[in-house]
Structures are given as structure tokens and as C-alpha cells.
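Trainee: Submitted below is the structure of interest, expressed as C-alpha cells.
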Amino acid sequence: MPQSDAPIKAAIFDIGATLVTGPPVAPNKVIASIIKGATAAEIASIIMTTELESASHACKALEARFGDMDAQACSEVFDLWHSQRTAPKELEGATDTVIALKDRGLKIGLLSDIWNPYYAGVERALPRVIECADVIILSCRTGFRKPNHANFLRTLEELDLRPEETVMIGDTYTHDILPALELGMKAVWVLARPDREAEHIIQILNGQSPAPTATVASISEILSLDLWAACKGSMV
Ligand SMILES: [Mg+2]
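What follows is the structure, given as C-alpha cells:
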């Protein structure tokens, strides 16, 4: 691609398992265990793409799709909602990495599939990251989820940058890396959970899927990538 050496002007971060961790079980799976007959995928398609203002709003949205919930089920959704608000924990080096890139003159984007209570927890866990972000695009606000290109395109539009001027940084090949590469963005794979990504690692090694621009084991290794040399030259 002729523009692949374009100066990098923005770093766009996934949030879950890239900047924060926890809890071990995803909320859609917890709710699927509460509502009989509902799959985790069906639950995710509701809670991740709806702006939910409260636990009771979440229950109403779930009831609209799956029918009335009894008091016990509602109580468990309430408990989950409140636990999600304190669940995210910063991965070591996440804030320092984002701030360092901001200090180098890059714009910062956040691009996440997330539901409202967990994002409230992220605001609590990563206040400086949220504060320095130029663009924050969340599935619960837009109604679109990765790997759909819609939120990637919206992020680029709000940053007012071309794809090749940006780097997507995330932990999930199918949701963070592949769509970014398809759009002509650079992509750094934070391979924090290689066991979950084994299928894609094999496909890349066999030449069946495109390789990321770079791969690191954790967010704290991002700053040492050669990738940022191109942005330093553009800052003078
Ligand atoms: Mg993630």
C-alpha cells in the first residue's frame, strides 16, 4: 500500500483485556445463566448495543426480548450491574502507555464493545485515559459492534484522519485486528490471552489470514515498538 509509511497520528485502543481486566466471566454469559432459554450471544446483542441507564432499565430491555423475569432473576441482574461498576482493573502500564503516546503528539481513541455499567467501572479505573481521549466510540452508544466496520469508520471520521494514519491496538484478532487491517489501518495485537487466539495464530502462520503490523504480549510493551518512529518525525 503506497501510503503505509504515512506518519502515525492516532492510537486507537480497545478496552477489555487490552487496558483493563476482569471479571473472569463476561456479563452476557452471567445473564444467559439467569434467563432460561437465552443464549449469551442473544444477551450480548441487547446489552452491548443499548444505552442502559440503570439495572432496572436493563431488566426491562431483557424482558422486552425474553419475557417477564421473576424477582430472583431481576435481583441477580441488579447484583451483576453493581458488581460490573467496580469490576474493571487496570492492566499494568495501561495508563502510562496511553499518556506517553498522547505526550508524543498522537491523538487517542477508545473503541470498545461494552455495556454501560462496565464502562462506568472503566471510567473509575482509568480516569486519566478517559480524560485524555480525543474520541470515545462505544457499542452501547452507537448500536454497532465489532467486527462491523461502522464504529471503526466513525472513529476515523471523528479523528478526521485517514486509516493509514492510525493504529488500532487490541487483544482480539477477529474484532480488533482484522477489521482494522481490512480498512487500511495499522494494527497492534496485544496477545494477552494467546490460548483464546490459537486458531488465528495458526491461520496467520499458515498465510491464511493477514498478519498484524506488530504483536506484543502486554500493553506495557507498546511503547518500545519501532512503529512510533514514524510519528516522532512528524511532530517537529
Ligand atoms: Mg478486548
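So this note's numbering is basically just the index in the sequence shown, starting at one, shifted up by 8.
The beta-carbon is built from N, C-alpha and C at its ideal position, and this holds for glycine as well.
All values derive from a computational prediction rather than experimental measurement.
1. At the level of alpha carbons, what is the spacing between D13 and A237?
2. Could you spell out the range, first to last residue, of the alpha helix (DSSP H) harbouring W89?
3. Going along the chain, which residues of its own chain have a beta-carbon closer than 8 Å to the beta-carbon of H157, five neighbours each way excluded?
4. May I have the straight-line CA-CA distance separating I185 from I20, to the nearest angstrom?
5. Suppose the cutoff is 7 Å on Cβ atoms and the five residues either side in sequence are ignored; what does the same chain contact list for V245 look like?
6. Would you decide whether S147 is buried or exposed? Buried here means 16 or more other CB atoms lie within 10 Å of its CB.
7. Determine the DSSP secondary structure at F21, reduced to helix, strand or coil.
8. Have a look at P10 and L164 and give me their C-alpha separation to the nearest angstrom.
9. If you drop the 5 nearest sequence neighbours on each side, which residues of the same chain put their C-beta closer than 8 Å to that of L231?
10. Cβ of A219 within 8 Å of Cβ of I212?
11. Can you tell me whether E61 is helix, strand or coil according to DSSP?
12. Exposed or buried, which one is V28 when buried takes at least 16 other CB atoms within 10 Å?
13. How would the residue list near ligand 1 read, in chain order, if you kept each one whose beta-carbon is closer than 6 Å to any heavy atom?
14. Using CA atoms only, rank isn't needed, just tell me which of L118, R73, S83, N124 is closest to A95.
15. Would you list, in sequence order, the uninterrupted beta strand (DSSP E) runs of no fewer than 3 residues that lie entirely inside the region 164 to 211?
16. Fully enclosed by the region 111 to 163, which alpha helix (DSSP H) runs are 4 residues long or longer?
17. Need the endpoints of the beta strand (DSSP E) that A222 sits in, please.
18. Just reading off the alpha helix (DSSP H) that A52 is part of, what are its end residues?
19. Just to confirm before moving on: does the CB-CB distance between I51 and V85 stay below 8 Å?
20. Residues in the same chain with beta-carbon distance under 8 Å from R132, minus the five sequence neighbours each way, listed in chain order, please.
Mentor: Taking the structure as given:
1. 11 Å
2. 79 to 92
3. Contacts found: P187, E190, L191.
4. 11 Å
5. Missing from the structure shown is residue 245; the chain here goes from 9 to 244 and no further.
6. S147 counts as buried, since no fewer than 16 other beta carbons sit within 10 angstroms of its beta carbon.
7. Secondary structure at F21: strand, using DSSP grouped into helix, strand and coil.
8. Only weak support is given to the placement of P10: the predicted model assigns it a pLDDT of 43, under 50, and the question is left unresolved by the model.
9. T105, A108, L109
10. yes
11. coil
12. buried
13. D22, G24, A25, T26, G178, D179, T180
14. N124
15. 174 to 178, 194 to 198
16. Segments of the alpha helix (DSSP H) lying fully in the region 111 to 163: 124 to 133, 135 to 140, 147 to 150.
17. 222 to 224
18. 48 to 55
19. No.
20. R93, T94, P96
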